[in-house]
Amino acid sequence: MKKFYNMEFGTYKEQGDSVILEINKNRFNSHALFDIQEVGEADERFFQVSVSENEQSFIFDFSIEKDFQNLKTIVNRNLPIKLSIAKTIIKQDILKTSGFDYVSVNPSSIYYLPMKQVKYLYRATSVMPSNNETDSFKQYKACVLYILTGQNYESLLSDYHSLDKLVEKNPYLEQILETTNRNQLLNILDKIENLATYQEWEQVRRTKNKFKNVGIAFITTIVLTNVLTGLSVIAVKNHQKEVAIEQVKDSYKTTKIKADITTALNNKNYDRAIELMKSDKQSDKQIAQQMYDVGEYQTALYYNDKLLENIVSAYWKSGKQDKISSLRLADSSSKAVKNQLELEQAIATYNTEKMQQELGFTENPNTLMRMALKYIDENELLNADTVADKLKGVNNSKAQYKYVKVVYDLKDAQLKLKDSQNQLLSANDSSDSNNKEKQINQAQNDIAKYASTIEKLKNKEKEAKKEVYK
Numbered sequence: 001m002k003k004f005y006n007m008e009f010g011t012y013k014e015q016g017d018s019v020i021l022e023i024n025k026n027r028f029n030s031h032a033l034f035d036i037q038e039v040g041e042a043d044e045r046f047f048q049v050s051v052s053e054n055e056q057s058f059i060f061d062f063s064i065e066k067d068f069q070n071l072k073t074i075v076n077r078n079l080p081i082k083l084s085i086a087k088t089i090i091k092q093d094i095l096k097t098s099g100f101d102y103v104s105v106n107p108s109s110i111y112y113l114p115m116k117q118v119k120y121l122y123r124a125t126s127v128m129p130s131n132n133e134t135d136s137f138k139q140y141k142a143c144v145l146y147i148l149t150g151q152n153y154e155s156l157l158s159d160y161h162s163l164d165k166l167v168e169k170n171p172y173l174e175q176i177l178e179t180t181n182r183n184q185l186l187n188i189l190d191k192i193e194n195l196a197t198y199q200e201w202e203q204v205r206r207t208k209n210k211f212k213n214v215g216i217a218f219i220t221t222i223v224l225t226n227v228l229t230g231l232s233v234i235a236v237k238n239h240q241k242e243v244a245i246e247q248v249k250d251s252y253k254t255t256k257i258k259a260d261i262t263t264a265l266n267n268k269n270y271d272r273a274i275e276l277m278k279s280d281k282q283s284d285k286q287i288a289q290q291m292y293d294v295g296e297y298q299t300a301l302y303y304n305d306k307l308l309e310n311i312v313s314a315y316w317k318s319g320k321q322d323k324i325s326s327l328r329l330a331d332s333s334s335k336a337v338k339n340q341l342e343l344e345q346a347i348a349t350y351n352t353e354k355m356q357q358e359l360g361f362t363e364n365p366n367t368l369m370r371m372a373l374k375y376i377d378e379n380e381l382l383n384a385d386t387v388a389d390k391l392k393g394v395n396n397s398k399a400q401y402k403y404v405k406v407v408y409d410l411k412d413a414q415l416k417l418k419d420s421q422n423q424l425l426s427a428n429d430s431s432d433s434n435n436k437e438k439q440i441n442q443a444q445n446d447i448a449k450y451a452s453t454i455e456k457l458k459n460k461e462k463e464a465k466k467e468v469y470k
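First residue of the sequence shown: 1, per our numbering; consecutive thereafter.
Laid out in structure tokens, this is it:
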């Protein structure tokens, strides 16, 4: 008997151990059969496929392995099986790891073998129909929600309104809806699976007890002699179940707070994010790191002044070192940290007096590097050379010194190029006919030489900068 399953680009026709998918050629970027046949080169997570064609269409014939069932049939399975298959799909991360331009995670395109085997049908090369408008996580989430609820996959890609009534009855669905990445989703599925498996075994135990065929006298004896023990076991089991439920509830609260924090950060509502972090009992260091990760450097510095070097380095890396002058520390910061910030601000604002005063006492290779770079930026190559000499003798300064040396040589070449260009202008304006041609040729040769040197040094500068800021 044939079965039909709709997918993004057509309808699967399943009969026996074969699934046929026919797609019109006008949906392809190439009509060359050999371009399409590349989909046959897939790993073991995909079913084998042969590709043929007729005048209007390409025809994909997938070979389904024994006992695999289409994911559309999973709605009739018990919860532990659903959760196990959902987790397998998330762990495989097929959209990222397949090697193809596109893989369909539409339930119609997925087959499963309980408990943990999952295989896929449709995968696409660059010339084949694909749908990359929806991000990977939304596709995974919609697939998982289909497995657990049976609601329409396509509608779940756009919104979750179809789940409103189900969410009221099942708090675990709300936890899943709150997730914002694969790790969160997998964590929630783990928690739900643990509780579901526990409840499933409890049901098996109760069913087996119901059908025990023992004599009345034996039962009476057992009851009389073991009633207290039995009550104790029941109490323990009930307590275990209550603990498991409370653990899931606590996990839900924690996951929801973390999801709310992520939402607040994404919306740049940083005050709200910090409020939620504090309610989540996060430390100042944890708050600071999250603020640093979203580029809120002043707030990060306030909560953890040990991030000063990271923040100053980040500003220099992005060419925004002028922002260093506005950084402020908490009153509780140590004198050493305050002195370090003062020096970094002096470098950023080109306070040469402060820079010269501190040069003899500074051993931090990153600070010395920035001091040299500032002198170079101001065309003060002699002062830059002095700082570079000290930097060279400081421990763990190899990458910093190399970067300064390349930037120094680049600036020197740029200044010489500019000088040569001025010499060319002067030679062209010269009235000395005897030396004019010679001067022009010399200037042109110098310009070509320094221009070539600059291009090479620019490439070296990029590589040296990567080493410093890796």
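Every residue gets a Cβ at the ideal spot worked out from N, C-alpha and C, and that includes glycine.
Sub-8 Å separation of residue i and residue j beta-carbons
i, j, result
"lysine 119", "phenylalanine 68", "yes"
"serine 109", "leucine 121", "yes"
"valine 394", "leucine 373", "no"
"glutamate 53", "leucine 33", "yes"
"aspartate 93", "arginine 182", "yes"
"isoleucine 274", "leucine 186", "no"
"phenylalanine 100", "threonine 125", "yes"
"tyrosine 153", "tyrosine 160", "no"
"glutamate 344", "isoleucine 376", "no"
"tyrosine 350", "glutamate 378", "yes"
"leucine 95", "valine 103", "yes"
"valine 387", "leucine 359", "yes"
"glutamate 22", "isoleucine 74", "no"
"lysine 72", "proline 107", "yes"
Boundaries of the alpha helix (DSSP H) in which residue i is found, first to last residue
i, result
"methionine 7", "Per DSSP, methionine 7 belongs to no alpha helix (DSSP H); it is in the beta strand (DSSP E), 3-7."
"tyrosine 303", "297-303"
"glutamate 154", "153-158"
"lysine 72", "Where lysine 72 is concerned, there is no enclosing alpha helix (DSSP H), given that its DSSP letter is neither H nor E."
"phenylalanine 58", "From DSSP, phenylalanine 58 is part of no alpha helix (DSSP H) but of the beta strand (DSSP E) over 57-63."
"glutamate 275", "270-279"
"valine 394", "Valine 394 -> no alpha helix (DSSP H), and no H or E assigned at all."
"valine 167", "164-169"
"leucine 483", "Past the boundaries of the shown model lies residue 483; the chain is included only from 1 to 470, so the question cannot be answered."
"asparagine 310", "308-317"
"phenylalanine 34", "33-36"
"arginine 370", "365-377"
"asparagine 339", "335-348"
"glutamine 356", "352-359"
"serine 332", "First-last for serine 332: undefined, no H or E at that position."
"threonine 179", "From DSSP, threonine 179 is part of no alpha helix (DSSP H); its letter is neither H nor E."
"valine 144", "136-149"
"glutamine 282", "Run containing glutamine 282: none; DSSP gives neither H nor E here."
Sequence-distant residues of the same chain with beta carbon closer than 6 Å to residue i, five excluded per side
i, result
"isoleucine 216", "Low local confidence applies: a pLDDT of 36 at isoleucine 216 is under 50, so the model's placement there is unreliable, with the coordinate-based value given in what follows. Here the set comprises nothing."
"aspartate 446", "Ser420"
"threonine 11", "Phe4"
"threonine 453", "Ala413"
"serine 232", "Because serine 232 carries a pLDDT of 46, less than 50, the predicted location of this residue cannot be relied on, and the following value inherits that uncertainty. The answer is none, since no qualifying residue turns up."
"phenylalanine 211", "Only weak support is given to the placement of phenylalanine 211: the predicted model assigns it a pLDDT of 41, under 50, and the value that follows is read from those uncertain coordinates. Same-chain partners within the cutoff: there are none."
"serine 50", "Asp61"
"lysine 354", "Ala346"
"glutamine 442", "none"
"glutamine 321", "Tyr315 and Ala348"
"glutamate 14", "Lys3"
Run of the beta strand (DSSP E) containing residue i, from where it starts to where it stops
i, result
"glutamine 15", "10-15"
According to DSSP, residues forming a beta bridge with residue i
i, result
"tyrosine 120", "Phe46 and Ile110"
"tyrosine 102", "Ala124"
"leucine 95", "According to DSSP, leucine 95 bridges with nothing at all."
"asparagine 24", "Ser57"
"valine 19", "Glu14 and Phe62"
"valine 406", "DSSP output for valine 406 lists no bridge partner at all."
"valine 51", "Phe60"
Close Cβ partners of residue i (< 7 Å) along its chain, the five nearest in sequence each way excluded
i, result
"serine 63", "Asp17, Ser18, Phe47 and Gln48"
"leucine 417", "Ile447, Tyr450, Ala451 and Ile454"
"glutamate 463", "none"
"arginine 27", "Phe9 and Pro129"
"threonine 88", "Lys116 and Val118"
"asparagine 24", "Gln56 and Ser57"
Same chain only: Cβ atoms within 8 Å of residue i, ignoring 5 sequence neighbours per side
i, result
"glutamate 467", "Ala399, Lys402 and Tyr403"
"glycine 319", "none"
"valine 227", "Because valine 227 sits at a pLDDT of 40, beneath the cut-off of 50, its placement in the model cannot be relied upon, and the following sentence gives the value as read from the coordinates. Correct list: empty, nothing qualifies."
Legend entry - the segment 423-440 contacting the segment 326-345, beta-carbon criterion three pairs below 8 Å: no
Inset, instruction - Taking 8 Å as the threshold, find out whether the segment 336-348 comes into contact with the segment 301-318 through three or more Cβ pairs. - result: yes
Legend entry - Touch test, the segment 138-157 against the segment 174-181, Cβ-Cβ under 8 Å, three pairs minimum: yes
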